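Residue numbers (full-length UniProt numbering): 1 to 208.
Don't be surprised by glycine CBs; every beta carbon is placed ideally from N, CA and C.
Keep in mind the model is a prediction, meaning the values are calculated, not measured.
Given below as structure tokens:
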């Protein structure tokens, strides 16, 4: 199942988001060695994890975090605009219908085949959410390890500038175009995954 959280902050103490922050710490800090904030020695939470962030979260039958991604409105502080603007050769895409994708995280507890399924499910949910909300572009930052995966998903994307070395990895900024044809493009690429999507309240209750 996919749950979408809006207005859910760290202080809400939601078990699903706690699991997401824990897995983010395991991946980004323990495995990749990112120099990012860690709360209570267990949770990777940065300055963009506030009430304006939207989380698309995949869970298993036990309600445990399996994968997630964060959406940030481009008109507010976000990773590309606030930290890595040099990755864009021109103006940073900004607008009411432009959001940033960041902190894509797949649970390290799963095997590779399951992680691929979860990645595709989260991508599908992101596209469906965008169409529902009138979002027509996503920006994102990808290192060499993620770039090939992003391109293989089937949606339309293009670079915003030449890649640059960040923390020893070639890293670039991309813009992803979303329109009514995008779901079919994912289907053609074999990455569209029909699933149940639940919009949750900030306190974790499912929206009616």
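Please report the distance separating the alpha-carbon of residue 138 from that of residue 121. By one-based count along the chain shown, residue 138 stands at place 138. By one-based count along the chain shown, residue 121 stands at place 121. Rounded to whole angstroms, residue 138 to residue 121 spans 17 angstroms at the Cα level.
Residue 170 in three-state terms, based on DSSP: Your numbering for residue 170 matches position 170 in the chain shown. In the structure shown, residue 170 sits in a strand (DSSP, three-state: E or B).
Spatial neighbours of residue 208 within its chain, please: CB distance less than 8 angstroms, with the 5 preceding and 5 following residues excluded, ordered by chain position. The count along the chain shown starts at 1 and reaches residue 208 at position 208. Low per-residue confidence applies at residue 208: pLDDT is 43, beneath 50, and the placement is therefore not dependable, though the value from the model is reported in the following sentence. Answer for residue 208: no residue qualifies.
Considering only C-alpha positions, which residue in the set 18, 172, 115 and 5 is nearest to residue 161? In the chain shown, counting from the first residue as 1, residue 161 sits at position 161. Selected option, being the one with the closest Cα: 172.
According to DSSP, is residue 191 part of a helix, a strand, or is it coil? Taking the chain shown and counting its residues from 1, one reaches residue 191 at position 191. In the structure shown, residue 191 adopts coil according to DSSP, grouped into three states.
Alpha carbon of residue 153 to alpha carbon of residue 189, nearest angstrom: In the chain shown, counting from the first residue as 1, residue 153 sits at position 153. In the chain shown, counting from the first residue as 1, residue 189 sits at position 189. Whole-angstrom Cα-Cα distance: 6 angstroms.
Output yes or no for whether 9 angstroms exceeds the beta carbon distance between residue 16 and residue 129. Within the chain shown, numbered from 1, the residue matching residue 16 stands at position 16. Within the chain shown, numbered from 1, the residue matching residue 129 stands at position 129. Not in contact: residue 16 and residue 129 (Cβ atoms no closer than 9 angstroms).
My output table needs one value for residue 53: the three-state DSSP class, helix, strand or coil. Taking the chain shown and counting its residues from 1, the one referred to as residue 53 is at position 53. Residue 53 falls in the coil class under three-state DSSP.
Over the uninterrupted alpha helix (DSSP H) stretch that includes residue 129, give me the two end residues. The count along the chain shown starts at 1 and reaches residue 129 at position 129. Where residue 129 is concerned, the enclosing alpha helix (DSSP H) stretches over 112-133.
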